Amino acid sequence: MARHEYPWKRRPGWWLRNPRYLAFQLREAGGVVCALYGLLLLNLLMQLREGESTYVAFLTMLRTPPVLYLNGVLFGLVLWHAISWFMLIGKAQPVQLTRKPLPWKAVFGINVVLWLGVSGAVVYLIFGGI
Amino acid sequence: MAEQDVVFRVTRYRPVPGGRPTFQDYRLPFRNDMVVLDGLNYIKDHLDPTLTFRWSCRMGICGSCGANINGQPSLTCETFIRDVSRGVVTVEPLSNFPILKDLVVDFDDFLNKLASVKPYIVRKDWGDWTKEYTQYPEDLEAYRQQSLCINCMLCYAACPVVGTSPEFIGPAASALALRYIRDSRDEGADARLARLNTKNGVWECTFVGECSVVCPKDVDPAAAIQTLKVLATMRHLRRLLMPASR
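Chains as they are written, first to last, in the numbering used here: chain A, 16 to 145; chain B, 398 to 643.
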């Protein structure tokens, strides 16, 4: 007898139906944004090579409100990308320092502390103090 | 115990040419100690004997009564109506599987994937029944978590990667592969890792992590897949650097 299965069809907007799917999609989008921002920084170097006036014009364009708003959104996505990966590290590769693996929250906390420390050091190196 | 009314909005699908899934509403009484499976059985016994769904043990062991309850993959025997009802409880077949009838889906694809990772102990000396393969409690502990898998398929229904790439080997098959790889009696790790270290193997996983969230047995398939990625990489490097070890 022929089987009349109904094939599975993914619904549009599936990632909006579950907050964890949305968090995942934003994490992935954050990865794309990281790559695009890297290209922007490379472009900044190219503008610098073109000469001071070109470089200053590019910097002026980066300071316009639409670009600043866009930067804010991109920064939020990059932050979420970093934080969500810190949350996953302890689950993706359990850290076995003791008989039982460290809880993911402890691994998350350690990573955040390290992250803030490194970020603080970078800010100190660039600006000579916070 | 006081009874209240609840509406079950259940997917119906008749397997006929051109058939499409639709919803059918059933109003039924429920008590606070009733689970969704009790509600489905009430419908079957008193309202509509044509409703089709799988169930067996009623205690979260057989893994056959999985369904999407209000959009969340769950075991109907472990989900209390009082916890999911806001007047209406939506019961749909598990996502990412073809529907055979009503709430019954086709698991054949999973069974093929499971078979491909050899979910049994592989021994080179298989057939020598005079031997005894002893294990210590710590040997059992190494794979106990993955051995709790009941093949309920909630993890496949929750995984958006399975929905995007049906060829992906998926969470449960990966977790069970790790269960046998970690078994001290097993000698089939190389063959399993060869299968898993492919495009449609563990590398397809982007770590959404929802499989571990919905798992009723805390098997944590997401972590199992990440562990398999490490093992597959180590196997690949070993074969690259020490070809004689093959």
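Glycine included, C-beta positions come from ideal geometry on N, C-alpha and C. The structure presented is a predicted model; accordingly, all values stated were derived computationally and were not measured.
The straight-line gap separating the alpha-carbon atoms of tyrosine 21 of chain A and phenylalanine 504 of chain B is approximately 13 Å.
Checking the DSSP bridge columns, you'll see proline 470 of chain B partnered with B:Asn465. Here the alpha carbons of glycine 567 of chain B and phenylalanine 450 of chain B stand approximately 24 Å from one another. Beyond the five residues adjoining it in sequence on each side, alanine 555 of chain B comes within less than 6 Å, by CB distance, of Pro470, Glu607, Cys608, Val611 in the same chain, given in chain order. In the three-state reduction of the DSSP assignment, isoleucine 566 of chain B falls in the coil class.
For leucine 103 of chain A, no pairing in a beta bridge is given by DSSP. Residues of chain B with a Cβ closer than 9 Å to the Cβ of lysine 106 of chain A are, in chain order, Phe604, Gly606, Ser609, Asp617, Ala619, Ala620, Gln623. Phenylalanine 427 of chain B: member of the beta strand (DSSP E) spanning 419-427, first to last residue. When C-beta atoms of the segment 99-116 of chain A are compared with those of the segment 56-66 of chain A, fewer than three pairs fall below 8 Å, so the two segments do not count as touching. Neighbours of phenylalanine 494 of chain B in chain A, taken as residues whose beta carbon is under 7 Å from its own, are Trp23 in chain order.
For the C-beta of valine 413 of chain B, the chain A residues within less than 9 Å are, from N- to C-terminus, His19.
Taking a C-beta distance under 7 Å as the contact criterion, cysteine 462 of chain B and threonine 473 of chain B qualify as a contact pair.
Look at the segment 120-135 of chain A: it has no residue with a C-beta under 9 Å from a C-beta of chain B.
Contacts with chain A at 7 Å (Cβ-Cβ) do not include aspartate 505 of chain B. For threonine 408 of chain B, the enclosing beta strand (DSSP E) covers residues 401-409.
Excluding residues up to 5 positions away in sequence, Ser571, Val599, Cys602 lie with their Cβ nearer than 6 Å to the Cβ of isoleucine 622 of chain B in the same chain. Per DSSP, isoleucine 622 of chain B lies in no beta strand (DSSP E) segment; the continuous alpha helix (DSSP H) that holds it begins and ends at 618-638.
Around the C-beta of isoleucine 518 of chain B, fewer than 16 other C-beta atoms lie within 10 Å, and the residue is accordingly described as exposed. When the five nearest sequence neighbours on each side are left out, the beta carbons in the same chain lying within less than 8 Å of the beta carbon of aspartate 402 of chain B are those of Arg424, Leu425, Pro426, Phe427, in order along the chain.
For the set A:Glu43, A:Leu31, A:Arg18, the Cα lying nearest the Cα of glycine 415 of chain B is the one of A:Arg18. Straight-line measurement puts the Cα of valine 605 of chain B at about 14 Å from the Cα of glycine 46 of chain A. Close to chain B, meaning a Cβ-Cβ distance shorter than 8 Å, are the following residues of the segment 28-56 of chain A: Trp29, Trp30, Arg32, Asn33, Arg35, Tyr36, Phe39, Glu43.
Residue contact with chain A for proline 640 of chain B: absent (no Cβ-Cβ distance below 7 Å to any residue of chain A). Closer than 7 Å to the CB of leucine 497 of chain B there is at least one CB belonging to chain A. Leucine 103 of chain A reaches chain B at Phe604, Gly606, counting residues in chain order whose Cβ is nearer than 8 Å. Annotated as proximal: leucine 92 of chain A and alanine 44 of chain A, with beta-carbon spacing under 7 Å. Alanine 97 of chain A and isoleucine 104 of chain A have their alpha carbons spaced roughly 11 Å apart.
For valine 627 of chain B, the chain A residues whose Cβ falls inside 8 Å of its Cβ are Gln108, in order along the chain. Here the C-alpha atom of glycine 28 of chain A lies approximately 37 Å from the C-alpha atom of histidine 443 of chain B.
Rounded to whole angstroms, the Cβ separation of cysteine 546 of chain B and lysine 614 of chain B is 6 Å, and the two are in contact under 8 Å. C-alpha of asparagine 86 of chain A to C-alpha of aspartate 430 of chain B: approximately 53 Å in a straight line.
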